[in-house]
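157 is the number that the numbering used here gives to position 137 of the sequence shown; each next residue is one higher, with no gaps. All residues carry an ideal CB built from backbone N, CA and C; glycine is no exception. Notes follow the structure.
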Amino acid sequence: MPKNKGKGGKNRRRSKNENESEKRELVFKEDGQEYAQIIKMLGNGRLEALCFDGVKRLCHIRGKLRKKVWINTSDIILDNKADVILKYNADEARSLKAYGELPEHAKINETDTFGPGDDDEIQFVILEMMMKTLTISKLN
Numbered sequence: 021m022p023k024n025k026g027k028g029g030k031n032r033r034r035s036k037n038e039n040e041s042e043k044r045e046l047v048f049k050e051d052g053q054e055y056a057q058i059i060k061m062l063g064n065g066r067l068e069a070l071c072f073d074g075v076k077r078l079c080h081i082r083g084k085l086r087k088k089v090w091i092n093t094s095d096i097i098l099d100n101k102a103d104v105i106l107k108y109n110a111d112e113a114r115s116l117k118a119y120g121e122l123p124e125h126a127k128i129n130e131t132d133t134f135g136p137g138d139d140d141e142i143q144f145v146i147l148e149m150m151m152k153t154l155t156i157s158k159l160n
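Pasting the structure below:
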């Protein structure tokens, strides 16, 4: 049986990831564009982002980035009329912060899954300990 050398399926994308280690030129914002940090991924190519001008926007990942650039919460992006133009990696975001393009309060490369007041894990542990004491008291 001959070896499959076709470019169907995911094989096409595997050969495209050649330039990941190369550094690209830093892109600054222009008129009508704004830097933003992702708050929540909504699905279907949409996300909720907090722009650094103080406005919370519902953004759409454009087709150029879909299935090629993976975007997660707390990533820094370049936003143009609620379209994601570019995702900055951590090094690029740090250099933008050093140039004064991003505000000082911007958190880079921090994924905080638990916000203030999320004590679900602690309540579960306490509940588990209470169940153990109930089973011990029933046995006696």
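A residue is called buried when at least 16 other Cβ atoms come within 10 angstroms of its Cβ; residue 104 meets this threshold and is buried. Residue pairing by DSSP places residue 103 opposite 80 and 100 in a beta bridge.
Contact between residue 93 and residue 59 holds, with the beta-carbon distance rounding to 7 Å and staying under 8 Å. For residue 56, the enclosing beta strand (DSSP E) starts and ends at 53-63. Here the region 61-72 does not lie against the region 43-50, with fewer than 3 beta-carbon pairs under 8 Å apart.
When 77, 120 and 84 are compared, the shortest CA-CA separation from residue 101 is found for 77.
In the DSSP secondary-structure assignment, residue 69 is bridged to 58 and 77. Taking a C-beta distance under 8 Å as the contact criterion, residue 95 and residue 107 qualify as a contact pair.
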